[in-house]
Structure formats: C-alpha cells, structure tokens
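Structure first, commentary second.
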Amino acid sequence: MKKITLLFLLSITFISCKEPENKENTLSELEIEEGWSLLFDGETTNGWHLYNRGDVPSAWIVVDGELYCKPDTFEVEHGDLLSDKSYSNFDLKFDWKISEAGNSGVFFNVQEGEEYPTAWTTGPEYQLLDNLGIHKEYLENTTHWSACLYGFKPNLNPVTPNQSGEWNYSRIMQKDGVVSFWLNDVKTAEQDLKGEEWKEMVANSGFKTFEAYGKSTSGHLALQDWAKGVSFKNIKIKEL
Numbered sequence: 000m001k002k003i004t005l006l007f008l009l010s011i012t013f014i015s016c017k018e019p020e021n022k023e024n025t026l027s028e029l030e031i032e033e034g035w036s037l038l039f040d041g042e043t044t045n046g047w048h049l050y051n052r053g054d055v056p057s058a059w060i061v062v063d064g065e066l067y068c069k070p071d072t073f074e075v076e077h078g079d080l081l082s083d084k085s086y087s088n089f090d091l092k093f094d095w096k097i098s099e100a101g102n103s104g105v106f107f108n109v110q111e112g113e114e115y116p117t118a119w120t121t122g123p124e125y126q127l128l129d130n131l132g133i134h135k136e137y138l139e140n141t142t143h144w145s146a147c148l149y150g151f152k153p154n155l156n157p158v159t160p161n162q163s164g165e166w167n168y169s170r171i172m173q174k175d176g177v178v179s180f181w182l183n184d185v186k187t188a189e190q191d192l193k194g195e196e197w198k199e200m201v202a203n204s205g206f207k208t209f210e211a212y213g214k215s216t217s218g219h220l221a222l223q224d225w226a227k228g229v230s231f232k233n234i235k236i237k238e239l
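In numbering that gives the first Met the number 0, the protein residues as written are 0 to 239.
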C-alpha cells in the first residue's frame, strides 16, 4: 500500500512540474529567452496595416483568436495585410488554414510605395494553396503548389498540406539573402536571392516587367488577400 501511495505522489509531482502547454498566440518562456516576438496577439490587428492604404477598416478581422480575411464583404477595404516593421535576417513561423480550393500566400521583402501597386510586384511569395481541393489543371504547374517559392521552383521534398479548413504549420527563414521554406516540418525551398541564378530566373519569369521584383533582401511581410477566406494564428518572428 505504501508503495502504491508513493508512486501516486511521484506521478502527481511529475505532472505538476511539467511545463504547461503553450496557449494560442502567446510566447512560451523558452521562446522569449530565444528572442521570439509575436506578430499577432490573437485579439487585434496591431502591427499590421493594409498595403498602401494604412490603418483603415478592412476585410482583415480577428475572430476567435484567428487573423481572418473575411470573404464576401463590401463595406470595408480589401487588400494584402502588411507588417508595420521591415525585416532582413529573420525566422518566421505561423499557422494557416484556407477555404476549399483556396489560393493565398505570404510575401516577404516587400517594398511599400505608390510606385508599387501591389505587394507581389516586389516581394517573392510563399504559396498557400488547397492542393487537395484546387482544380487539377492548376496543379499542372508544380511551381504553384503549396509551400513553393511561387512561380519559380517545385518543392524540394514532397509534402501535401492538410485539407481545407484544417491548420498547417509553416516557416520562412532568411539569412544574408538566402531564404528557406518549410511546410509541416518538411523543407520545401531554398534560394539565394543575391545570386546569378535568381536574377536569371526572375528575368525569364512573368515578374520580369516589375523592375523592383525580388531585388531586395529586406522589407515588409505581407499576408495575401483571399476573397473566399484565409486564416492565420501563432505568427511569431525572431530576428537573426
């Protein structure tokens, strides 16, 4: 009996000493020690604004701890949501889910100005896609699949995002102009944005008409507007 009681007490002690699970849109003590910062607090759109339009009412709202691009709304502005801050060397991680047949993205190294009509005319894109729900013809171009460096290269390793309405975990890291992507812990892309290969790729792409496209290795982050709904949470960044 004493032995059973001792085991019970030890188990209670072990459970009480375990680190509590991290809440949504918060930083753990370890993340704080490692230098991570929250880019979304789960309650407001503080730290973000609509590209080229500033802090105006928009389709980007907060619902149940999700940063949500509300579909079918016409009383507010639509557009890509831009981080107030710019970043150069960084590690970005975020969760996302999208509507059926959804097609969105996260841009980085975005330059903001009246001379640039949209975020994608300057910033490369981490593609967000419902691979399982999109029409098959779209998937014939393997540089358009989810987690690709959109429009340039197929994924380094095979990975399929979770179906529409389910959360995925993504990561974008940039160090000295070399960018890498992950989807659900699978590495999907790596590209030196300073090298000749990148310059040639852009010159032979549909982005060649935009003079500033892919030229910078520093800039804003942007979440792409998707008219049928896309959500983000746990958006965290560490400057390297």
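Heads up, the beta-carbon is just placed ideally off N, CA and C, and yes, glycines get one too. Bear in mind that the values here come from a model prediction, so they are computed numbers and not experimental data.
- Message: So, with DSSP's three-state summary, where would you put T117?
- Response: Reading the sequence shown from its first residue, position 118 is the one you call residue 117. DSSP places T117 in coil when its eight states are reduced to three.
- Message: Which same chain residues end up closer than 6 Å to E18 when comparing Cβ atoms and leaving out the 5 residues on each side of it in sequence?
- Response: Within the sequence shown, the letter at position 19 stands for residue 18. Residue confidence for E18 is low, a pLDDT of 46 falling below 50, so the modelled location carries little weight; the figure read from the coordinates is stated next. Excluding residues within five positions, none has a Cβ falling inside 6 Å.
- Message: Assuming contact is defined by CB atoms lying nearer than 8 Å, are L239 and K174 in contact in what I supplied?
- Response: If you number the sequence shown from 1, residue 239 lands on position 240. If you number the sequence shown from 1, residue 174 lands on position 175. By the CB criterion at 8 Å, L239 and K174 fall inside the cutoff.
- Task: Rounded to whole angstroms, what's the CA-CA distance from L138 to G132? Just pull it up for me.
- Result: Against the sequence shown, residue 138 aligns to sequence position 139. Against the sequence shown, residue 132 aligns to sequence position 133. When only Cα atoms are considered, L138 and G132 end up about 10 Å apart.
- Message: I need the DSSP call for H77, collapsed to helix, strand or coil.
- Response: On the sequence shown, position 78 is the one that residue 77 refers to. Coil, per DSSP.
- Message: If contact is defined by three or more beta carbon pairs under 8 Å, each pair taking one atom from either stretch, is the region 107 to 117 in contact with the region 203 to 222?
- Response: By the Cβ test, the region 203 to 222 is in contact with the region 107 to 117, since at least three Cβ pairs between them sit closer than 8 Å.
- Query: In chain order, which alpha helix (DSSP H) runs of at least 4 residues are fully inside the region 27 to 85?
  - Reply: Listed in chain order, they are 28 to 33.
- Message: Would E23 and N233 qualify as a contact pair, given that the criterion is a beta-carbon distance under 8 Å?
- Response: In the sequence shown, counting from the first residue as 1, residue 23 sits at position 24. In the sequence shown, counting from the first residue as 1, residue 233 sits at position 234. Going by C-beta atoms, E23 is nearer than 8 Å to N233.
- Message: Helix, strand or coil for K135? Go by DSSP, reduced to three states.
- Response: Looking up residue 135 in the sequence shown gives position 136. In the three-state DSSP reduction, K135 falls in the helix class (H, G or I).
- Any idea what DSSP makes of K227, helix, strand or coil? As a working mapping, residue 227 is identified with position 228 in the sequence shown. Coil at K227, not helix or strand.
- Query: So does the region 195 to 215 actually touch the region 108 to 128, counting three or more Cβ pairs closer than 8 Å?
  - Reply: The region 195 to 215 makes contact with the region 108 to 128: 3 or more CB pairs, one atom from each, lie closer than 8 Å.
- Task: Please go through the same chain and pick out, in chain order, the residues whose beta-carbon is closer than 7 Å to the beta-carbon of T43, but skip the five residues on each side of it.
- Result: Residue numbering aside, residue 43 sits at position 44 when the sequence shown is read from its first letter. Excluding positions up to five away in sequence, the list reads V61.
- Query: Which stretch, first to last residue, makes up the beta strand (DSSP E) that contains W95?
  - Reply: Taking the first residue of the sequence shown as 1, we reach residue 95 at position 96. Segment F89 to I97, the beta strand (DSSP E) holding W95.
- Message: On the DSSP bridge list, what partners appear for K186?
- Response: Against the sequence shown, residue 186 aligns to sequence position 187. W181.
- By how many angstroms is the C-alpha of K92 removed from the C-alpha of Q190? Sequence index remark: in the sequence shown, residue 190 carries index 191 (1-based). Sequence index remark: in the sequence shown, residue 92 carries index 93 (1-based). Whole-angstrom Cα-Cα distance: 18 Å.
- Query: Nearest to L66 by alpha carbon, out of L37, E195 and P160?
  - Reply: Translated into the one-based positions of the sequence shown, residue 66 becomes position 67. Selected option, being the one with the closest Cα: L37.
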